[in-house]
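Just below is one structure, and these are the notes that go with it.
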Amino acid sequence: MAAVQKLPVRQRQVLALGYYDKPTLPEISALLGCPLGTVKSLAHRGLGRLRKDMEK
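Position 46 of the sequence shown, counted from 1, bears residue number 56 in the working numbering, the numbering being contiguous throughout.
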């Protein structure tokens, strides 16, 4: 949980929505009011940072 709290807000939002609510990426895009590409990028970067933090 500590690693998740270190993420920027938007990355946390995308990952939390995707993990807990299981909406599609277009649905997350609509919920957050941002382009689909932004959602994909935020998810990719957020997961990368979590993986990196978990390796420490």
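C-beta: ideal position from N, C-alpha, C; glycine also.
From a predicted model like this one, the values you see are computed outputs, not experimental measurements.
*Ala12 to Leu41, Cα distance in whole Å?*
25 Å
To the nearest angstrom, report how far apart Leu17 and Leu46 are at their CA atoms. 20 Å
Do Val49 and Val19 count as a contact pair if the criterion is CB distance below 7 Å?
no
Quick check on Thr34: does DSSP put it in helix, strand or coil?
coil
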